[in-house]
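Asks: If you're matching them up, the sequences are chains A and B in order.
Under my numbering, think of the first position of the first sequence as 667, with each following residue one higher.
Under my numbering, think of the first position of the second sequence as 897, with each following residue one higher.
Think of the CB as a built atom: it goes at the ideal place given N, C-alpha and C, for glycine as much as any other residue.
In this text, all values refer to a predicted model and were calculated from it rather than measured experimentally.
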Amino acid sequence: MAAKNIMQVTDETFDSDILKSELPSLVDFWAAWCGPCRAIAPVIDELAEQYDGKIQVAKMNVDENPRTPGKYGIRAIPTLILFKGGDVANQITGAVSKSHIEEAIKSVV
Amino acid sequence: MQQEMYDMIIIGGGPAGLTAGLYAARARLNVLLLEKLSPGGQVLNTEWIENYPGFPEGISGFELVDRMKDQALRFGLPIESREVTGINLSNGEKEVVLADGKRCKCRTLVIASGASWNKLKVPGETELIGKGVSYCATCDGPFFRDAVTAVVGGGDSAVEEALFLTRFAKKVIIIHRRDELRATKIVQERAMANEKIEFLWNTVVTEIQGDDKVERLSLRNVKTGDVSELEVEGIFIFIGVIPNTGYIGDEIEKDERGFIVTNLYRETNVPGVFACGDVTHKDFRQVANAVGEGANACYSAEKYLESL
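1. So with CB distances below 7 Å, who are the chain B contacts of SER765/A?
2. Going along the chain, which residues of its own chain have a beta-carbon closer than 8 Å to the beta-carbon of THR1164/B, five neighbours each way excluded?
3. What are the start and end residues of the alpha helix (DSSP H) that includes LYS764/A?
4. Give the DSSP-derived three-state secondary structure of GLY719/A in the structure shown.
5. Runs of 4 residues minimum, wholly inside the stretch 1152 to 1189 of chain B: which ones carry the alpha helix (DSSP H) assignment?
6. In chain order, which alpha helix (DSSP H) runs of at least 4 residues are fully inside the stretch 920 to 988 of chain B?
7. Going by DSSP, name the residue or residues bridged to PRO1139/B.
8. Among ARG1063/B, VAL1044/B and ALA920/B, whose alpha-carbon lies nearest the alpha-carbon of GLY1130/B?
9. Which residues of the stretch 916 to 941 of chain B have a Cβ closer than 7 Å to any Cβ of chain A? Give them in chain order.
10. Compute the Euclidean distance between the alpha carbons of VAL1029/B and LYS1017/B, then round it to the nearest angstrom.
11. Counting contacts by CB-CB distance shorter than 8 Å, is GLY1026/B in contact with chain A?
12. So for ASN1192/B, helix, strand or coil by DSSP?
13. Can you say whether PRO1139/B is buried or exposed, counting buried as having 16 or more other CB atoms within 10 angstroms of its CB?
14. Nearest CA to the CA of TYR1161/B: which residue from ASP1174/B, ARG1181/B, ILE1133/B and CYS1194/B?
15. Between GLY957/B and chain A, is any beta-carbon pair separated by less than 8 Å?
16. Is LYS1109/B close to chain A? Criterion is C-beta to C-beta, closer than 8 Å.
17. Measuring only the C-alpha atoms, how far is ILE1070/B from VAL992/B?
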């Protein structure tokens, strides 16, 4: 279902793919059992397409990758974190509208 | 999209909107359903639904709305994932304004934008959302394995979510401002029989404390006035809903809490504008009555179209 320009990241690849990335990254922390995660999936797909080349969009399954969510204190999903230069630039919790996420993206690109 | 005149635009893709859409597609209306996320609405937060007829074993919230969506799609209902930011009702026209500034005109409008969870509105709540404050046990429950968590509220949602949390948490404390639950009896019985669930009656939360995550709650007993503190890692809040009507102006009549007022035919005070589901003024918010209202709204809209 995920668009082809969305990267799947794991605890193992998070450092190299996200923290060391030259482009800012939007990471969607999700799980299969989370309804609102499904609800925002199409919005994430659209944003990945729309901001292709400006940010990289990634998804991390929190069920399979407990370390990274733990490191960022994530206790709710969906959580979207925007990383820039290895740091957290913005964090959004819950299924919010596309315009809300876009505002956050515009602040880092 | 800009010039087209739709017979009907439906705002919201939960059970009410999807049902209105199903009926409209079968009536061969030129209809469009707009949903800001993907279809489902609040049902997506519901783990298991046992009181929607036709599913004797119950059905997951996911699956139920997926089926509703597939059924509507089968009859050709167009569903677009777009956010509505305004409604224009001047000069007898009906126009929906989208987040990207585009506008769509329609002859009838069905408002089914649902409701969202109410907040407690106490210090610490907003700051700690996602850090122990949650409004969705099915989403966030698994983050609280072996933890002590609190649930605020006494209705079906609160008690059902508390039961769900016992799968993960060590202890679940239901904090309720009254001395008895409002939840359906069968749900109450399950909670009373569950060893992991405790109750704090006549109690309200006055503050959620914690630096980077929820650590404890400040409580007040509404009968005695006694204050106390309770150490928890999580607090799940289910104290009713507020309507998603922020994009709707004063032309459409709402009650004092912002829910849209309709008559039995799901008509609002504006001819050609109908409303159904949780966004409307009523006492009982269920999937079962949302779908009934959705069907009814579409029927009334069809009658209105015939009269034009």
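Replies: According to the data block:
1. GLU979 and ALA995
2. ILE1007, ILE1148, GLU1149, ILE1156, VAL1157, THR1158, PHE1170 and ALA1171
3. 764 to 772
4. coil
5. none
6. 957 to 970
7. ALA1011/B
8. VAL1044/B
9. LYS932, LEU933, SER934, GLY936, LEU940 and ASN941
10. 12 Å
11. yes
12. helix
13. buried
14. CYS1194/B
15. yes
16. yes
17. 42 Å
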